[in-house]
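**Student:** Submitted below is the structure of interest, expressed as structure tokens.
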Amino acid sequence: VGRPQFDETDLEEFQTVLGVIGTTVKNANESFNILNLTISLLGNIHSIKTLFSEDITKLAQLNEVQMIPNIKLIKDELANLTESKKKQFFADGTMLEEVFSQI
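Here the sequence shown stands for residues 3 to 105, where the numbers follow this note's numbering.
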């Protein structure tokens with residue numbers, strides 16, 4: 003039983019197939035990276051929504067005299083939250099831009 007003979011055309015076709023497989027794997031990895039970043043951003047949005055839902059519920063239970071200082075407190079908390087989350091949002095946004103620019 004002899005070994006099969008391969009010529010240059012076979013080798014080129016094999017290299018092409020390997021290239022396609024490599025590109026497919028790379029694209030799949032990039033898709034997973036995008037998915038993970040999207041999940042992270044959705045988690046951040048959900049956390050902010052939850053924070054405000056709780057604050058608004060508490061605020062609704064207060065009378066008008068107490069509302070004004072509490073609105074100011076919520077604004078201050080929002081400013082602090084925005085500052086603390088801003089770097090993470092920018093980092094996530096930059097990563098998303100980098101990933102999309104490579105596709």
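Backbone N, C-alpha and C fix where the C-beta goes; we use that ideal spot for every residue, glycine too. Values in this document were obtained by computation on a predicted structure and should not be read as measured data.
(1) Give the single residue among Ile23, Gln7, Glu79 and Thr26 whose Cα lies nearest to the Cα of Phe54.
(2) For Ile76 versus Asp57, is the C-beta spacing smaller than 7 Å?
(3) What number of angstroms, rounded off, separates the C-alpha of Gly4 from the C-alpha of Gly24?
**Tutor:** Straight from the coordinates:
(1) Within the sequence shown, the letter at position 52 stands for residue 54. Comparing Cα-Cα distances from Phe54 to each of Ile23, Gln7, Glu79 and Thr26, the minimum goes to Glu79.
(2) Within the sequence shown, residue 76 is the residue found at index 74, counting from 1. Within the sequence shown, residue 57 is the residue found at index 55, counting from 1. Going by C-beta atoms, Ile76 is nearer than 7 Å to Asp57.
(3) Taking the sequence shown and counting its residues from 1, one reaches residue 4 at position 2. Taking the sequence shown and counting its residues from 1, one reaches residue 24 at position 22. Their Cα atoms are separated by approximately 31 Å.
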